[in-house]
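**Q**
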Amino acid sequence: MTKHTVLIVEDEGPLLQALTTQFAGKEFDVFQAHNGSEGLEQAAKNKPEIILLDLNMPKMDGATFMEHLRQDEWGKDVPVIILTNLQPDDTIINSLARTNPAYYLIKAEWDLAGIVDKVMEVLQSHPA
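Note that the UniProt record's numbering gives residue 56 to position 56 of the sequence shown, counting from 1, and the numbers run on in steps of one.
Shown next as structure tokens:
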């Protein structure tokens, strides 16, 4: 069985580690980044099948990350799941509409297993 690859872009260390552990236990190769700038470097280097992305981060926020990612030939089609504490108001929705995230998840509404299940669902609907 081929391992799936996921890039987790998250500035909250404990959550980043918990997600990494959860995905590694499900036979994923996991790449990590603590901000959008690191995330773009990891995405370009490793070309993961899917990206989990926080919006509110230092150095480069998630919306800016998405703008840059979608300009890349590879990055224009990779599925991205937004995982954030920010409630989706009109400003956020409008800024993300052009970049077409697969899902927008509120952290408080999802447990780790549910996040993994959502990633698997997206991967099944976006074959590599």
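Where a beta carbon is used, it is the ideal one built from N, C-alpha and C, also for glycine.
Buried or exposed: threonine 2, going by 16 or more other Cβ atoms within 10 Å of its Cβ?
**A** Counting from one through the sequence shown, the residue named residue 2 turns up at place 2. Burial call: exposed.
**Q** Looking at the structure shown, is histidine 34 part of a helix, part of a strand, or coil, going by DSSP?
**A** Translated into the one-based positions of the sequence shown, residue 34 becomes position 34. Looking at histidine 34 - three-state DSSP - the assignment turns out to be coil, as it is neither helix nor strand.
**Q** Label aspartate 111 either buried or exposed according to how many other C-beta atoms from any shown protein chain fall within 10 Å of its C-beta, with 16 as the threshold for buried.
**A** What you label residue 111 is simply residue 111 of the sequence shown in a count that begins at 1. So aspartate 111 ends up on the exposed side.
**Q** DSSP has leucine 15 in a bridge; who is on the other side?
**A** The residue given as residue 15 occupies position 15 in the sequence shown. DSSP lists no partner for leucine 15.
**Q** Anyone know if the C-beta pair for leucine 53 and phenylalanine 65 falls short of 8 Å?
**A** Taking the first residue of the sequence shown as 1, we reach residue 53 at position 53. Taking the first residue of the sequence shown as 1, we reach residue 65 at position 65. Yes.
**Q** How would you call alanine 44, buried or exposed, if buried means at least 16 neighbouring beta carbons within 10 angstroms?
**A** By 1-based counting over the sequence shown, the position of residue 44 is 44. Alanine 44 should be labelled exposed.
**Q** Thinking C-beta only, is asparagine 56 closer than 8 Å to leucine 86?
**A** Translated into positions along the sequence shown, residue 86 becomes position 86. Translated into positions along the sequence shown, residue 56 becomes position 56. The answer is yes: Cβ separation under 8 Å.
**Q** When we look at the beta-carbon of glycine 75 and count the other beta-carbons within 10 Å, is it buried (16 or more) or exposed?
**A** The residue labelled residue 75 in the question sits at position 75 within the sequence shown. Buried: at least 16 other Cβ atoms inside 10 Å.
**Q** Can you name the residues that DSSP bridges to leucine 83?
**A** The residue you call residue 83 lines up with position 83 of the sequence shown. Its beta-bridge partners are Leu105.
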